[in-house]
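First the structure, in the form of structure tokens, and then the observations on it.
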Amino acid sequence: MRRIKEKHALFFNSINDFKSFLSESTLSRKRLPIDPSSCGRELDKKVRFMMDKANKLENELTRNEIIKVRSLFRRAMCDCIKKSKILKRFLEKPLGYPGDYFMFEMIYNQEILSKNKIGIYFDRNVLTHPVAQSMIERKECIKNLIDSFITSSNKKELNILNLGCGSARELKELFASKKYSKKLIFELVDQDNRALNYAKTNLSKINANNLNFLYHKKNILNIVKKEDLILNNGDKYDLIYSIGLVDYFFGNIFENFINNLLRKIKNHGKIIIACCSTNSYKDFTYLKWFSDWNLVLRCPNRLEKYLSRICNGKRVKIIKASSNAIFFVEISS
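Mapped onto our numbering, the consecutive letters of the sequence shown carry residue numbers 208 to 540.
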């Protein structure tokens, strides 16, 4: 580790420089407001510098070395990170896993939660970060895709499955602004009862007789087993969608997951899955280094070719977002 520190002294010096500037700014009572000030902009600049150097380290070190250096970074920055209520939750993962429903609610709400100056700065820094903003866009995109699917269907009744539903914020917002005449049955699946209860509390407030929400607590990883996706009496679905789930699936797990979904989709149905993109891989460095939140990134073009090969002639389409950090893959039967 001493060799790494000596070879990459510029990176480790940048941490000390950031903390020194932060300390001096706080001690001299310079204000760190929610809106960028000269002090806030200087801190932003220093964070970007650290992350640029971190990106270079990722390409130069072995996997084990990267894990150790990231841990050293978080240890050095711990007193700063934990003053931010948002970054603290991202790092500590109180529900036992990254990306829990309340983490995303924090991002969606875009509210500063910390009271101290350093916490306020880091709350603002993470909420305005390109990855956080892309997650908001992802929610908006899936709302539009669901709405388009419902309105374009000539069926009087639709069965829709949401895998890894979390807070189901997209449904809460969709039905707050849209009304449909057809009968809609939504099945929401998550591994966490707390997420399901949170979603149920919000969705139960929707006053619409044509809407029916069913909730299932399941270990999502077991859904790669074909026998474990029997939810609605073995029926198939018109639409299956998922956002923020396959970002934790590697290799065969992802392929098995897709193959299982293909068996559960009706004729003229669709599968829509949101993915994190390699086109913006540098942006994800922030989550990895500050909060040990590691996501699987996928190349849109490669994924389209791969899915076209394994989906037995079904139409595969990549739907791009304005953010380079995310995209959607749509599979039509």
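Think of the CB as a built atom: it goes at the ideal place given N, C-alpha and C, for glycine as much as any other residue.
Remember, predicted model here, so these are calculated numbers, not experimental data.
Note: K477 is bridge-paired with L446 and S539 in the DSSP secondary-structure output. Fewer than three beta-carbon pairs drawn from the region 477-493 and the region 275-284 are found closer than 8 Å, and the two stretches are therefore not classed as touching. From the listed residues S411, A402, D442 and K412, the smallest Cα separation to K424 is found for A402.
Contact check between the region 467-475 and the region 485-499: fewer than three CB pairs, one atom from each, fall below 8 Å, which does not count as touching. In the structure shown, I293 falls within a helical segment according to DSSP collapsed to helix, strand and coil. As the crow flies, the alpha-carbon of S321 is around 26 Å from that of A261. According to DSSP, K322 shares a beta bridge with no other residue. Going by C-alpha positions, K379 is about 45 Å away from F219. Y422 has L395 as its beta-bridge partners, per DSSP.
When DSSP states are grouped into helix, strand and coil, F280 belongs to the helix group. Fully enclosed alpha helix (DSSP H) runs of no fewer than 4 residues occupy 458-470, 492-498 and 507-517 of the region 447-520, in order along the chain. Sorting N426, N366, R248 and K253 by C-alpha distance to the C-alpha of F420 places N366 at the top. When I430, L452, I478 and Y422 are compared, the shortest CA-CA separation from L446 is found for I478. Cβ atoms of L368 and Y488 stay farther apart than 8 Å, at about 30 Å.
The Cβ atoms of I526 and R345 do not sit closer than 7 Å to each other. For M284 against I343, the beta-carbon gap comes to about 25 Å, at or over 8 Å, which does not count as contact. Runs of the alpha helix (DSSP H) lying entirely within the region 354-404 and spanning at least 4 residues, in chain order: 376-384. The beta carbon of K385 is closer than 7 Å to those of D354 in its chain, skipping five residues each way along the sequence. Residues of the same chain with a CB within less than 6 Å of the CB of K524, apart from the 5 flanking positions on each side, are E537 in chain order. K390 is a Cβ neighbour of N417, given a cutoff of 7 Å. In chain order, K489, T492, Y493 and W496 place their CB closer than 8 Å to the CB of M258, counting only its own chain and leaving out the 5 sequence neighbours on each side. The beta carbon of I392 lies closer than 6 Å to those of N366 and N419 in the same chain, with the five residues before and after it left out. For I525, the enclosing beta strand (DSSP E) covers residues R522 to K527. If you look at I314, you'll find it in the alpha helix (DSSP H) that goes Y308 to N316. As computed with DSSP, I533 is found in a beta bridge with C483. In this structure, the beta-carbon distance from S498 to K521 does not fall below 7 Å. G373 is classed as buried because its beta carbon has at least 16 other beta carbons within 10 Å across all chains shown.
Here K263 carries a helix assignment [DSSP, helix/strand/coil].
The Cβ neighbour count for P301, taken over all protein chains shown within 10 Å, is under 16; the residue is labelled exposed. A residue is called buried when at least 16 other Cβ atoms come within 10 angstroms of its Cβ; G303 does not meet this threshold and is exposed.
Its chain contains I447 and I478 as the residues whose beta carbon lies nearer than 7 Å to that of L468, once the 5 sequence neighbours on both sides are disregarded; these appear in chain order.
In the three-state reduction of the DSSP assignment, G247 falls in the helix class, which pools H, G and I. Going by C-alpha positions, S230 is about 22 Å away from L298.
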